[in-house]
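Just add 23 to the spot in the sequence shown (first one is 1) and you have our numbering.
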Amino acid sequence: MMKKEKIIIADTRRPLWQVISAAVCFTACAYVFWLYFSQSPAIDDLETHRDFMEMGVFLLIAGVGLCYKKGIQIKPQSKEFKATFEVGPLVLGQWKKIQSPEYVSVFQQPLKDGNYIFEVNLWYDTNKHWELYTNPDYKEAFLIGFDLSEQLNIDLLDATTPNDYKWVDKDKWRKQLNETSS
Numbered sequence: 024m025m026k027k028e029k030i031i032i033a034d035t036r037r038p039l040w041q042v043i044s045a046a047v048c049f050t051a052c053a054y055v056f057w058l059y060f061s062q063s064p065a066i067d068d069l070e071t072h073r074d075f076m077e078m079g080v081f082l083l084i085a086g087v088g089l090c091y092k093k094g095i096q097i098k099p100q101s102k103e104f105k106a107t108f109e110v111g112p113l114v115l116g117q118w119k120k121i122q123s124p125e126y127v128s129v130f131q132q133p134l135k136d137g138n139y140i141f142e143v144n145l146w147y148d149t150n151k152h153w154e155l156y157t158n159p160d161y162k163e164a165f166l167i168g169f170d171l172s173e174q175l176n177i178d179l180l181d182a183t184t185p186n187d188y189k190w191v192d193k194d195k196w197r198k199q200l201n202e203t204s205s
């Protein structure tokens, strides 16, 4: 398997209606600020200034809330990672060194409604971990965990059955993946 320069694990895409709503909020925010700055010299009372600012900030926050994504970026070669907060092309986050990555785990997490979600965690420095990915589909979560463990050259733990954790035989999985892709 070829090593990737960077692995990006991100929230899924936002629904179209949320992206359109965010665009409307950003446009309205820009209009409110344009109106404020063009009318600012003529406005005498402080309450009107405050109202313009509150409306602009509210629209800006609503737009960000409708279109942001959270993610994780990992550089396998240098063993660095960063949690990201993304709004459009703006990606915020700081790279941190993974001192000693130990293994990746995939486990089942119960939800309040009785369903389950599968989480992928990266364990490092004996007992620390990063929650990297969640998905209601076991296969999707497992494949993300498998790929990450391959890229970092560490073990994979299948902890999806409570109290029956198993280390995954990655050689067997590689063979199965190669057979299905052929």
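Idealized CB from N, CA, C, for every residue including glycine.
Mind checking whether residue i and residue j have CB atoms under 8 Å apart?
i, j, result
"Leu113", "Ala45", "no"
"Trp40", "Ile95", "no"
"Phe56", "Gly79", "yes"
"Val143", "Leu134", "no"
"Tyr139", "Leu179", "no"
"Pro124", "Lys151", "no"
Which class does residue i belong to by DSSP, given the choice of helix, strand or coil?
i, result
"Asp160", "coil"
"Tyr139", "strand"
"Gly94", "strand"
"Ile84", "helix"
"Asn144", "strand"
"Asp74", "helix"
"Gln132", "strand"
"Glu202", "helix"
"Glu173", "helix"
"Trp153", "strand"
"Lys193", "helix"
For residue i, which residues of its own chain have a beta-carbon under 6 Å away from its beta-carbon, when the five flanking residues on both sides are left out?
i, result
"Ile210", "There is no way to answer for residue 210, as the model of the chain reaches only from 24 to 205."
"Tyr161", "Phe141"
"Phe165", "Val129"
"Val191", "Leu179 and Asp181"
Rounded to whole angstroms, what's the CA-CA distance from residue i to residue j? Just pull it up for me.
i, j, result
"Gln199", "Ala51", "52 Å"
"Tyr91", "Phe49", "13 Å"
"Glu202", "Leu171", "20 Å"
"Val47", "Met76", "18 Å"
"Phe169", "Val87", "33 Å"
"Lys120", "Asp181", "25 Å"
"Ile177", "Asn186", "22 Å"
"Asn62", "Asp74", "A small correction: the amino acid at residue 62 is Gln; Asn does not occupy that position in the sequence shown. So the two alpha carbons sit approximately 13 Å from each other."
"Arg36", "Asn158", "13 Å"
"Ala53", "Gln117", "29 Å"
"Ala22", "Val42", "The displayed coordinates of the chain run from 24 to 205. Any statement about residue 22 would go beyond what the structure contains."
"Thr107", "Pro38", "20 Å"
"Glu163", "Leu58", "48 Å"
Checking contacts by CB at 8 Å: is residue i closer than that to chain C?
i, result
"Val42", "In summary, chain C is missing from the structure at hand, where a single protein chain is found."
Who are the Cβ neighbours of residue i in its own chain at under 8 Å, not counting the five residues just before and after it?
i, result
"Thr184", "Gln131"
"Glu109", "Ala33, Tyr91, Lys92, Lys93, Gly94 and Leu115"
Looking only at its chain, what residues have a beta carbon closer than 7 Å to the beta carbon of residue i, apart from the 5 residues adjacent to it on each side?
i, result
"Ile66", "His72"
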